[in-house]
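Enquirer: Numbering (our numbering), first residue to last: 5 to 449. Note that the Cβ used here is the ideal one computed from N, Cα and C, for glycine as well.
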């Protein structure tokens, strides 16, 4: 019973060993079929054969052991061990090759990724340079504390300098700005360095040929892991074209405003005499009439007409009549008047003077001075009076007395007074008293 137990124990152990070696042989066989085993050349088949031989020797050793031929089993076991040693020796170059190939593959992968990264960086740089050139936008950096300056290619172009012949420095970069802007630029950059703040300013650059470029500069502080400043990074944008466009737009707007003002003045000014026209007079009359009612102050009006002016045109012609009318209106405008008074061409040869706050005596006195000023011109007229004269009709509105509220009635009253002046012989002033003015207004209304 003892030898039978020993036999089964020994047999089982040998069986497991045989199975293990067989699995190793199969694994080596599958491994040697891979491409990498070419390093062994034809020897790899010898390795496979040795692996199979080990398996057979294991079976034979098990049989010899089972038959009690222990010496033979030992010899077979030594042969199997020798085959395993031969496999290990043969596999050593393969393992070294695999390690070398792994290192080569790793190095190649790293090199490939580096080349890809370099290509991508070069492409990004090329696109950035192209974008900066198109946008007229360059980037720069000032390292601290040595204040070394880096410029991109577009910064050189904006400054009008060549990359190959100029090395940018902080002081010379500041000196490139317009003298009126250098103090502001220096103070802005030093403030950013001192306080670690970002900044933005617009200034003028002077290129070597004297051309001025308008630029917009923006910068921000760079710091290390501890928050200490290491440099300033920023961009410089050439805004000269935008600036010129803005200036042209401003000039165009100013020209348009002047043109509109001129058109407005033309719309309210008589082209022959240069006096305000009927439209401007009507607006002023309405405004001053309401003010007189609101403040309870009088409002005077003088209506002037050139005597025998139709006959003057018939005798001397219309061009001479226009010259005569311009000379007469200039004399009327030269008579001293108060700042609030308004002289306007009412129509034809009629001129009106609106006198806020003037009563009958004041308005009549001014009208008399107008008559005298026209007489002083001594413009010849082969009519009844021998020279050009005027007639004036004066009317005054008293809001505390008069019960009418339409400004046109004041015009009607002055026109009625002018009619009486013409009936009375012309070259004179006629004014209507309050009863006559009310009567005249009633008749004309």
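Do the region 397 to 407 and the region 303 to 319 make contact, defined as three or more Cβ pairs closer than 8 Å?
Expert: Yes: at least three Cβ pairs fall under 8 Å.
Enquirer: In the DSSP assignment, what residue or residues form a beta bridge with residue 450?
Expert: Past the boundaries of the shown model lies residue 450; the chain is included only from 5 to 449, so the question cannot be answered.
Enquirer: The beta strand (DSSP E) spanning residue 233 covers which residue range?
Expert: Locating residue 233 in the chain shown gives position 229, where the first residue counts as 1. Residues 233 to 242.
Enquirer: Mapping DSSP to helix, strand and coil, what is residue 182?
Expert: Reading the chain shown from its first residue, position 178 is the one you call residue 182. Residue state, collapsed to three classes: coil.
Enquirer: Assign residue 320 to one of three DSSP states: helix, strand, or coil.
Expert: Taking the chain shown and counting its residues from 1, the one referred to as residue 320 is at position 316. Helix.
Enquirer: Note down the Cα distance separating residue 241 from residue 261, rounded to an integer number of angstroms.
Expert: In the chain shown, counting from the first residue as 1, residue 241 sits at position 237. In the chain shown, counting from the first residue as 1, residue 261 sits at position 257. Going by the C-alpha atoms only, they are around 32 Å apart.
Enquirer: State the beta-bridge partners of residue 204 as determined by DSSP.
Expert: Locating residue 204 in the chain shown gives position 200, counting from the first residue. According to DSSP, which records beta bridges pairwise, residue 204 is partnered with 222.
Enquirer: Please list, in chain order, all residues of the same chain as residue 316 whose beta carbon is under 8 Å from its beta carbon, the five residues on each side excluded.
Expert: The residue given as residue 316 occupies position 312 in the chain shown. A distance below 8 Å between beta-carbons, with the five flanking residues on each side excluded, links residue 316 to the following residues of its chain, in chain order: 310, 324, 325, 328, 385, 387, 392.
Enquirer: Which residue or residues does DSSP assign as beta-bridge partners of residue 227?
Expert: If you number the chain shown from 1, residue 227 lands on position 223. DSSP lists 233 as partners of residue 227.
Enquirer: Would DSSP call residue 432 helix, strand or coil?
Expert: Within the chain shown, the letter at position 428 stands for residue 432. For residue 432, the secondary structure class from DSSP, reduced to helix, strand or coil, is coil.
Enquirer: For residue 273, name the three-state secondary structure that DSSP assigns.
Expert: Numbered from its first residue, the chain shown carries residue 273 at position 269. Looking at residue 273 - three-state DSSP - the assignment turns out to be strand.
Enquirer: How big is the Cα-Cα spacing for residue 417 and residue 365?
Expert: Taking the first residue of the chain shown as position 1, residue 417 is located at position 413. Taking the first residue of the chain shown as position 1, residue 365 is located at position 361. Distance between the alpha carbons of residue 417 and residue 365: 16 Å.
Enquirer: Below 8 Å on the Cβ atoms is my guess for residue 216 versus residue 182; work out the distance and round it to an integer in Å.
Expert: Within the chain shown, residue 216 is the residue found at index 212, counting from 1. Within the chain shown, residue 182 is the residue found at index 178, counting from 1. Correct: roughly 7 Å between the Cβ atoms.
Enquirer: With distances taken between CB atoms, is the gap from residue 145 to residue 237 smaller than 9 Å?
Expert: Here the question's residue 145 lines up with position 141 in the chain shown. Here the question's residue 237 lines up with position 233 in the chain shown. Contact: yes.
Enquirer: Is residue 365 helix, strand or coil when you go by DSSP?
Expert: The residue labelled residue 365 in the question sits at position 361 within the chain shown. Shown here, residue 365 sits in a helix according to DSSP, grouped into three states.
Enquirer: Smallest Cα separation from residue 435: which of 337, 412, 369, 177?
Expert: Locating residue 435 in the chain shown gives position 431, counting from the first residue. Considering only alpha carbons, the answer is 369.
Enquirer: Suppose you measure from the CA of residue 219 to the CA of residue 190; what does that come to, to the nearest Å?
Expert: Taking the first residue of the chain shown as position 1, residue 219 is located at position 215. Taking the first residue of the chain shown as position 1, residue 190 is located at position 186. Looking at the two C-alpha atoms, the distance is approximately 15 Å.
Enquirer: Nearest-angstrom Cα distance between residue 332 and residue 432?
Expert: On the chain shown, residue 332 is found 328 positions in, with the first residue counted as 1. On the chain shown, residue 432 is found 428 positions in, with the first residue counted as 1. When rounded, the distance between both Cα atoms is 15 Å.
Enquirer: Using 8 Å as the cut-off, can you tell me whether the region 405 to 419 makes contact with the region 296 to 305, which would need three or more C-beta pairs spanning the two stretches below that distance?
Expert: Touching, yes, given that three or more Cβ pairs across the two stretches are closer than 8 Å.
Enquirer: With C-beta atoms as the reference, is residue 377 less than 9 Å away from residue 339?
Expert: The residue you call residue 377 lines up with position 373 of the chain shown. The residue you call residue 339 lines up with position 335 of the chain shown. The Cβ atoms of residue 377 and residue 339 lie closer than 9 Å to each other.
Enquirer: Taking only the alpha-carbon atoms, compute the straight-line gap between residue 362 and residue 318 and give it to the nearest angstrom.
Expert: Here residue 362 corresponds to residue number 358 of the chain shown, with the count starting at 1. Here residue 318 corresponds to residue number 314 of the chain shown, with the count starting at 1. If I take the Cα positions, the gap works out to 37 Å.
Enquirer: Counting C-beta neighbours from all protein chains within 10 Å, is the total for residue 419 16 or more, i.e. buried, or is it exposed?
Expert: As a first step, residue 419 must be located in the chain shown, where it is residue number 415. Buried.
Enquirer: Short of 8 Å in beta carbon distance, which residues of its chain neighbour residue 428, apart from the five on each side in sequence? Order them along the chain.
Expert: The residue you call residue 428 lines up with position 424 of the chain shown. Only 434 meet the Cβ criterion.
Enquirer: With a 10 Å radius around its C-beta and 16 neighbouring C-beta atoms as the bar for buried, classify residue 277 as buried or exposed.
Expert: Start at 1 with the first residue of the chain shown, and residue 277 comes out as number 273. Buried.
Enquirer: Any idea if residue 352 is buried or exposed, counting beta-carbon neighbours within 10 angstroms, 16 or more meaning buried?
Expert: One-based indexing of the chain shown puts residue 352 at position 348. Exposed, by the Cβ-count rule.
Enquirer: Please classify residue 292 as buried or exposed, where buried requires at least 16 neighbouring CB atoms within 10 angstroms.
Expert: As a first step, residue 292 is located in the chain shown; it is residue number 288 there, counting from the start. With 16 or more other Cβ atoms within 10 Å, it is buried.
Enquirer: According to DSSP, simplified to helix, strand and coil, what is residue 165?
Expert: For the purposes of this step, residue 165 is taken as residue 161 along the chain shown, with counting starting at 1. Of the three classes helix, strand and coil, the one that applies to residue 165 here is coil, per DSSP.
Enquirer: If you draw a straight line from the alpha carbon of residue 222 to that of residue 121, how long is it in whole angstroms?
Expert: In the chain shown, residue 222 corresponds to position 218, counting from 1. In the chain shown, residue 121 corresponds to position 117, counting from 1. Roughly 30 Å separates the two Cα atoms.
Enquirer: For residue 285 versus residue 346, is the C-beta distance shorter than 9 Å?
Expert: Residue 285 sits at position 281 when you count from the first residue of the chain shown. Residue 346 sits at position 342 when you count from the first residue of the chain shown. Their beta carbons are under 9 Å apart, which means residue 285 touches residue 346 by this criterion.
Enquirer: Rounded to the nearest angstrom, how far is the Cβ of residue 175 from that of residue 167, given a contact under 8 Å?
Expert: Position 171 of the chain shown, counted from the first residue, corresponds to residue 175. Position 163 of the chain shown, counted from the first residue, corresponds to residue 167. Not confirmed; about 19 Å, so no contact.
Enquirer: Pick helix, strand or coil for residue 405, following the three-state DSSP scheme.
Expert: Position 401 of the chain shown, counted from the start, is the residue given in the question as residue 405. Coil, per DSSP.
Enquirer: Who pairs with residue 396 in a beta bridge, going by DSSP?
Expert: Taking the first residue of the chain shown as position 1, residue 396 is located at position 392. DSSP, once it has assigned bridges, lists 308, 433 as partnering residue 396.
Enquirer: If you draw a straight line from the C-alpha of residue 209 to the C-alpha of residue 180, how long is it?
Expert: As a working mapping, residue 209 is identified with position 205 in the chain shown. As a working mapping, residue 180 is identified with position 176 in the chain shown. Going from the Cα of residue 209 to the Cα of residue 180 covers about 6 Å.
Enquirer: What would DSSP say about residue 153, mapped onto helix, strand or coil?
Expert: Indexing the chain shown from 1 puts residue 153 at position 149. Strand at residue 153.
Enquirer: Nearest by alpha-carbon distance to residue 381: which of 322, 233, 110, 335 is it?
Expert: Reading the chain shown from its first residue, position 377 is the one you call residue 381. The residue with the shortest Cα to Cα distance from residue 381 is 335.
Enquirer: Just to check my reading of the structure: residue 281 and residue 348 have Cβ atoms closer than 8 Å, yes? What is that Cβ distance to the nearest angstrom?
Expert: Numbered from 1 along the chain shown, position 277 holds the residue referred to as residue 281. Numbered from 1 along the chain shown, position 344 holds the residue referred to as residue 348. Correct: roughly 7 Å between the Cβ atoms.
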